[in-house]
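Heads up, the sequence shown is in UniProt numbering, so the first residue is 1 and it goes up one at a time.
Glycine residues also receive a C-beta, built at the ideal position from the N, C-alpha and C atoms.
Below is one structure, written out as structure tokens, with a few remarks after it.
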Amino acid sequence: MTSIPFYKRPYGGERQDIPFAKLASFENSRDLISDDVPDAAFFRGLESQGLLLNRAQIQAVRHTQGPLLTLAGAGSGKTSVLVSRTGYLIAAKRVDPASILLVTFSSKAAAEMKERIMALPGLRTNETAKVTARTFHSFFLYLLRTRGYKQEILSNARHQQFIMKRILREMGLQDSYEAETLLSLWSAHRMNMTRLEELPAKTPADVEQKQIFARYEAWKEDHGQMDFDDILVMSYHLLSHDPGLLASLQRRYRYVMVDEFQDTGLLPYELLKKIVAPHRNLMVVGDDDQTIYGFNGARNEFILEFDQTFPGAKVVTLDINYRSLSSIVGLGNEVIRVNERRRSKQLRSTRKSSGVPLYLRPGDPDQEAELLLTYITEQVREHEKQYRDHAILYRTANNSRAIFEQLVMREIPFIHYENGDLFYEQWIVKPLLDHLRLSLDRRNFTAMEGMLHTLYINRDKGMAFIRQQDAPRPKKGPLSHLLSLPGLKDFQIENIRGRSKLIKGLKAMEPLQAVQEMRRQFYDKFLEADERQEITLHKEFIQEALDELEASAKRFDHIAEFVEFVDRLIAIHKEMAAMKRDEHADAVRLMTIHKSKGLEFPSVSLIGASEGILPHTSALDAERRDDQRPLSDREVKALDALEEERRLAYVAITRARDELIISSPGFYRGRKAEVSRFFRDVFVTDEQSKQGNSIPGKDAKSSTHRSFTAKRTVRIETSAKHSSTSSSAGQRSTVAATPVSRLSGSGVHPVQNSRDMAAPTAMEIVDVWLCTGAHCKGWQRVTARIPAAAGKGNRENKLCPLCQSPMTQGKKEVPVPHRR
């Protein structure tokens, strides 16, 4: 048992039976393929290497002529099918290995497939080496090189951002746009085959963006460079205008296979269609339920409409999950089946469950972090798991703020799998922190530079003037030099005076009050007034980040403490870069759901499974946005947005092998948050469905939400009626929603009813390290791993990981861990 108040169903769900997936039989090629069939030798060879294919996998491997859509459910062994089919074409069908093209999205996956193909039994290495297994970009770059394209590859993302930042600086727009976001936007346009001249120019921001993109393209041409998008764009142009080259590709590559097809955008798909046009021997492997990269151009309809695009296509569904326990697969089935735009499939499992997914209802994200990390440290302390067995997944980068801070405070090793900046360094948050830094030191020129654009003053020009004026006569507050900057308008002079006064007054405020005052006086208006920010983030993402900053600030009494805490986190974030390169590091994995796709972990904790987080508010508000479009179009867009959010939930669930924890904070950004409909709907009763109570917020004004609710309710009723047929015998049980234990005094979980209450948790007094900082609440248990007299002589010089103040030994009352 554990001291954490887990439940066996989400708060508010009344249906007591737990969904389990059917158990799949262990029938495989040994049972299904007799020795007297012509291709038996090939499958006997696979079996000798432990590759025992099931019935659906065999069907996919044996299909060699014509289009084939292989629907590969989560954990269903798609890589084994691709590798085996390649070997089958060579060994059983005597296909020339040089005529096989296998494309995927990562060089790591391509290398792994090539390695596995070359290790297949009965095949000569010199034969399998002729198979082309590459990423899209690698394959088409090779094509361009053979035709004389000599441009260097602009492959470094930081270099691209540097170029874009320089363009923005030259245009005086460096404070108006994020370089990374502009590059992503331009990439999305190009992958959707939208040319520069086809971009809209309805607003000044539209015109600006076209000019920026034009300069970026001109820079590449002038310097003999091309980026990854150029590889595909140029290849499409080449094949469209060189029929001889296209014909030679079509003759050579008569068998084309595509991995992760659900991630394919329009341009790569059009390139593939050109190559396979004469013979149509295209095999695509993917899962429409895992299409979560819509913002990068991935389109669900490519899978949904594959047999319309390629009439007569065979469809094979790989519906056996070899990864996860039946209770995890069963929950995934129930969550995703609600989506309307999907190919119907019900995964089975090969692993019978002894436990079920666990649900947590903490008070807010900070308490969520405390409880989950207490649980993880309990498991590590009891030697049940290592840190690296645990992955913590979340919807957006903003949702990682609390868990990141707790990991640092507890000195738990972890790897943060994010490419972007830490929360406190994001462009939305950083200017406010720079104002706080200036309130502590008004001569902090770095902070001054970070906030200057909020005064509507060019950063480079403004800082150059400040430094020039301050050199001969330094001021206590150098910002005031700007009052004499030539060419200022009256409103800018007023802003400088008002801001200088505000900065002086911030130091006396508590951090939360200071952040709120800055937002009230100027920052919210500053963000809302700039239409350019609409391309960077939807307003809800901006609001979410600022609310998270307030949540962090409210725990501190003094600005100096808060700024020191933030700077410490930033330093630790930079220190983690080396650990990220070690795949086997014993550290908790921390990443967005998007980052987790394709990965698997023994234990997965999905945090923020509440309305407004997952599904995200931006998806719930999709119908209200773009109000210039017809209502029907907005309804479709809203439906698509909500379904992609549900696919995100499904991807998160199916990353877990042995243990799944779903946490739904009761309050988020200062407001009450219902449990995510994606999980609550699984546990509604027939009576709740009939009353329309399956979704919190059912009184929403959106007609799309109302109609979609009705559709979903029908689906859930059907699910409930047929629950006995969709479950394995003995694999569906009635379990009361009793928490494993309740954390005494935490106020974490509202009481559902009397039977849900567990006995009060026993408490004990333990030795801990206590922070001596005046306002820091940091503490750590004294464990055998970190004894009181460890390290250099003793641990009296131990520093608090939060505020770096000295720590001293003391006592603290904590829940007694229940031993298994």
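Would you report the Cα separation of residue i and residue j, rounded to the nearest angstrom?
i, j, result
"Phe261", "Ile765", "55 Å"
"Leu389", "Val356", "What sits at residue 389 in the sequence shown is Asp, not Leu. Spanning the two alpha carbons is a distance of roughly 18 Å."
"His616", "Phe601", "24 Å"
"Ala277", "Gln250", "8 Å"
"His241", "Ser235", "10 Å"
"Asn339", "Phe526", "39 Å"
"Val816", "Leu82", "Note that Val816 scores 48 on pLDDT, short of 50, meaning its location in the model is unreliable and no value can be drawn from it."
"Gln780", "Gly670", "28 Å"
"Arg254", "Arg85", "14 Å"
"Lys430", "Gly450", "7 Å"
"Phe423", "Ile572", "13 Å"
"Trp769", "Ile428", "35 Å"
"Phe491", "Arg499", "12 Å"
"Ile570", "Val408", "11 Å"
"Asn398", "Lys93", "52 Å"
"Thr350", "Ser48", "21 Å"
"Leu433", "Gln468", "25 Å"
"Lys701", "Leu620", "The predicted position of Lys701 is uncertain, since its pLDDT is 33 and thus under 50; a value taken from the coordinates is nonetheless stated next. Using only the alpha carbons, I get a separation of about 11 Å."
"Gly87", "Phe683", "45 Å"
"Ile275", "Pro121", "30 Å"
"Glu305", "Leu101", "23 Å"
"Ala179", "Ser155", "16 Å"
"Val95", "Asn300", "32 Å"
So the beta strand (DSSP E) residue i belongs to, where does it begin and stop?
i, result
"Ser349", "Arg348 to Arg351"
"Met509", "Looking at the DSSP string, Met509 is not in any beta strand (DSSP E), and its letter there is neither H nor E."
"Leu69", "Leu68 to Ala72"
"Ile4", "Where Ile4 is concerned, there is no enclosing beta strand (DSSP E), given that its DSSP letter is neither H nor E."
"Ile292", "Premise fails: Ile292 is in no beta strand (DSSP E) and is neither H nor E."
"Ile328", "Not the beta strand (DSSP E): Ile328 falls in the alpha helix (DSSP H), residues Ser326 to Ile336."
"Ser603", "Phe601 to Leu606"
"His416", "Phe414 to His416"
"Gln133", "For the sequence presented, residue 133 should be read as Ala rather than Gln. Note, Ala133: beta strand (DSSP E), Thr132 to Thr135."
DSSP three-state label for residue i, please.
i, result
"Trp427", "coil"
"Ala585", "coil"
"Tyr255", "strand"
"Glu152", "strand"
"Arg147", "coil"
"Pro277", "One detail in the question is off: residue 277 reads as Ala in this sequence, not Pro. Coil."
"Pro268", "helix"
"Ser694", "The predicted model places Ser694 with a pLDDT of 47, which falls under 50 and marks its position as unreliable, so this point remains unresolved."
"Tyr322", "strand"
"Gln367", "helix"
"Arg15", "coil"
"Met191", "helix"
"Met171", "coil"
"Gln65", "coil"
Report, in whole angstroms, the separation of the C-beta atoms of residue i and residue j, which I expect to be a contact under 8 Å.
i, j, result
"Thr654", "Ala74", "4 Å"
"Ser676", "Ala609", "4 Å"
"Thr128", "Pro97", "6 Å"
"Ile466", "His481", "5 Å"
"Tyr417", "Arg589", "7 Å"
"Pro362", "Gly666", "7 Å"
"Ala91", "Leu52", "Their Cβ separation, rounded to whole angstroms, is 17 Å, which puts Ala91 and Leu52 out of contact at 8 Å."
"Ser326", "Leu23", "6 Å"
What does DSSP give as the partner residue(s) for residue i in the beta ladder?
i, result
"Leu358", "Ile661"
"Tyr668", "Arg671"
"Asp230", "Answer by DSSP bridge pairing: none, since Asp230 is not bridged."
"Cys771", "Met807"
"Gly450", "DSSP output for Gly450 lists no bridge partner at all."
"Met409", "Partner(s): none; Met409 has no beta bridge."
"Gln468", "DSSP output for Gln468 lists no bridge partner at all."
"Lys812", "Val766"
"Thr317", "Leu71"
"Val285", "Thr70"
"Gly612", "His616"
For the alpha helix (DSSP H) holding residue i, just list the boundary residues, first then last.
i, result
"His390", "Premise fails: His390 lies in the beta strand (DSSP E), His390 to Tyr394, not in any alpha helix (DSSP H)."
"Val103", "Counting along the chain, Val103 falls outside any alpha helix (DSSP H), though it belongs to the beta strand (DSSP E) covering Ile100 to Thr104."
"Lys210", "Pro204 to Asp222"
"Ile572", "Ile559 to Glu575"
"Val81", "Lys78 to Ala91"
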